[in-house]
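So the structure is just underneath, and the comments pick up after that.
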Amino acid sequence: MDFSKTLWVFQCLYLIQVASLETKTTRHIQAGSNVRLNCIAGENCTWIKEGGTNTTIFRNGERISPDPEYGRFYLHNDATNCSLGINSASIDDSGTYICKSDQLTLTHAIKVEEPPQLIIYVNDQKFINKNVWHVYVKLGDELKVTCVANVSDANIVTCLEFPLSHSSHADHVMCESNGTRLSTTETLQVNHKDGAIICTGWENDRLVNTHKLALHVQYIPECQIHLIKDVIDCVCEANPPTQYYLVKVNGEGKSNTTSYQLTVTSSTVNISCTAVNSIGVNSPQEILYKPPEFDDPYATVFWIITCIIVISVTIVILTQAVVICRKESERNTDKELRRNTEFNRKPYSSRDDSQTVLLTDSSEDRL
């Protein structure tokens, strides 16, 4: 018996059996998500939505319904697949969808549900998601933050995150929890000038909703003094912005300016910078400046006197050294002369004595 023919017979029997069955699956969809309903029926299929009156959305791979609501629906079809896609599913998309072809009828029942409402409490102030996206706090505040899922579903787990930037796009990670938790509370110390509070809701390890509050951190001015040559610049960072400046040089102030022309009148200059915004005033930033080009008359006199003393002492020391060296040289010269004189005197004396002895001997011989 031909094996290929046997296989063909079994395939026909299978298709006949499948055609007599209706396969039904049910899915719970979160509103706003994208949905895909599979149908392995070839590219020429028909999709119908059941209701009071059935609506044919696609027939033989082509759009039929003129309803603009179905503009979010599309087909993903090829030789073996004729799936129905729904972009940004809404509550109205709930219902039963039927895929039909010559060999198969497949039914999908979907229920589109709104995600659980998440509420954030910051020091007992209530923020409902999608209504408010920022909260005003002050640098140094301690916040009691609570995240609550406003549902009765015991499978929802809430988590809190505190990124240091409100523009952070890091992936959310489910927090550790013992069982289910519809509410969670943590304490946040505001130590940065940016940040956010993120409340997430999870169901069966799946993220179902997110509520984010951007922290609008307020702080009093923080100032620095920049001194370039003879120009003072008072540079301040503040939120809300600085409204008033006061620059003082040796107690004399100049208000509502961040730049000050410095006039040197003393050997040291005390410079201070104060700034004010709507929430407070900073502690004055002060520096003590010593102008390098400033000539102190007392310092000049002292420097001259010091130089005279040093030069005088040096001259005295050098004079004494010259005198000592000269005396030592004269002493050595005298010693050398005496030594030479004594040396020269000894040979002449010995020669005279020998000559005297010889003369005496000669005289005796002649006698």
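Per mature numbering (1 follows the signal peptide of the UniProt record, and there is no 0): the sequence shown = residues -21 to -1, 1 to 346.
Ideal Cβ positions, reconstructed from N, Cα and C, are used throughout, including at glycine.
Tell me whether the beta-carbon of Leu118 lies closer than 7 Å to the beta-carbon of Tyr198.
-> Yes, these two residues count as a Cβ contact at 7 Å.
Euclidean distance between Cα positions of Asn177 and Glu92 = Here residue 177 turns out to be Ile, not Asn, going by the sequence shown. Approximately 22 Å between the Cα atoms of the pair.
Considering only C-alpha positions, which residue in the set His148, Asn33, Trp26, Ser73 is nearest to Tyr53?
-> Residue Trp26 is the option with its Cα nearest to Tyr53.
Residues near Thr115 by beta carbon distance below 8 Å, same chain, minus five either side | In the sequence on display, residue 115 carries Tyr and not Thr. Excluding sequence neighbours, Tyr115 sits near His195, Gln197.
Nearest-angstrom Cα separation, counted from His113 out to Thr253 | When the Cα atoms are used, Thr253 and His113 turn out to be separated by approximately 30 Å.
Would you list the residues sitting across from Tyr49 in a DSSP beta bridge?
-> Answer is none; Tyr49 lacks a bridge partner.
Beta-carbon contacts of Thr166 that lie in its chain and below 8 Å, excluding the five residues immediately before and after | Within the same chain, Glu121, Leu122, Lys123, Val124 come within 8 Å of Thr166 by CB-CB distance, once the 5 residues on both sides are set aside.
Cβ-Cβ separation, Ile211 to Val226 (assumed contact under 8 Å), whole Å | The distance from the Cβ of Val226 to that of Ile211 is about 6 Å, consistent with a contact at the 8 Å cut-off.
Using a threshold of 7 Å, state whether the C-beta atoms of Gly180 and Leu97 are closer than that.
-> Closer than 7 Å, so yes.
Assuming Pro219 and Ile258 form a contact by the criterion Cβ under 8 Å, report the distance between their Cβ atoms to the nearest whole angstrom.
-> Indeed they touch by this definition, with Cβ atoms about 7 Å apart.
Cβ-Cβ separation, Thr189 to His151 (assumed contact under 8 Å), whole Å | Contact annotation, His151 with Thr189: C-beta distance approximately 7 Å; criterion of less than 8 Å satisfied.
Can you give, in chain order, each stretch of the beta strand (DSSP E) that sits fully within the region 172 to 225 and has at least 3 residues?
-> Counting only runs that start and end inside the region 172 to 225, the beta strand (DSSP E) elements of at least 3 residues fall at 175 to 182, 185 to 207, 210 to 218.
Over the uninterrupted beta strand (DSSP E) stretch that includes Ser62, give me the two end residues.
-> For Ser62, the enclosing beta strand (DSSP E) has its first and last residue at 61 to 65.
Span of the beta strand (DSSP E) around Ala88 = DSSP places Ala88 in the uninterrupted beta strand (DSSP E) bounded by 84 to 92.
Excluding the 5 residues preceding and the 5 following Ser162 in the sequence, name in chain order all residues of the same chain whose CB lies nearer than 8 Å to its CB.
-> Result list for Ser162: Thr125, Cys126, Val127, Ala128, Thr137, in chain order.
How many whole angstroms separate the CB atoms of Leu63 and Tyr76, which I take to be in contact at a CB cut-off of 8 Å?
-> About 6 Å; that satisfies the 8 Å criterion.
Consult DSSP for Ile19 and reduce its assignment to one of helix, strand or coil.
-> When DSSP states are grouped into helix, strand and coil, Ile19 belongs to the coil group.
Reduced DSSP category for Thr247 - H, G, I as helix; E, B as strand; rest coil = Correct three-state label for Thr247: coil.
Give every residue of the same chain whose Cβ lies closer than 7 Å to the Cβ of Asn235, excluding the five residues on either side of it in the sequence, and list them in chain order.
-> Spatial neighbours of Asn235 in its own chain (CB-CB distance under 7 Å, excluding positions within 5 residues in sequence) are listed in chain order as Tyr223, Tyr224.
If you draw a straight line from the C-alpha of Thr2 to the C-alpha of Ala88, how long is it?
-> Confidence at Thr2 is low in this model, with a pLDDT of 47, below 50, so its placement is unreliable and the value that follows should be read with caution. C-alpha separation (whole angstroms): 11 Å.
Quick one: what's got a C-beta closer than 6 Å to Leu(-1)'s C-beta in the same chain, skipping five residues either side?
-> For Leu(-1), the pLDDT reaches just 41, beneath the cut-off of 50, and the residue's location in the model is therefore unreliable, leaving the point undetermined.
Check whether the Cβ atoms of Ser67 and Gly11 sit closer than 7 Å, and answer yes or no.
-> In this structure, Gly11 lies closer than 7 Å to Ser67 by Cβ.
So Thr247 and Tyr268 are in contact, right, with Cβ under 8 Å, and what is the actual spacing, rounded?
-> At roughly 7 Å, the Cβ-Cβ gap stays under 8 Å, so Thr247 and Tyr268 are in contact.
Since Val187 contacts Pro95 with CB under 8 Å, what's their CB separation in whole angstroms?
-> 6 Å between Cβ atoms; contact.
Determine the contact status of Ile204 and Gln264, defining contact as a CB-CB distance below 7 Å.
-> Gln264 is positioned such that its CB atom lies closer than 7 Å to that of Ile204.
Nearest-angstrom Cα separation, counted from Ala20 out to Ser80 | Each residue's alpha carbon lies about 6 Å from the other.
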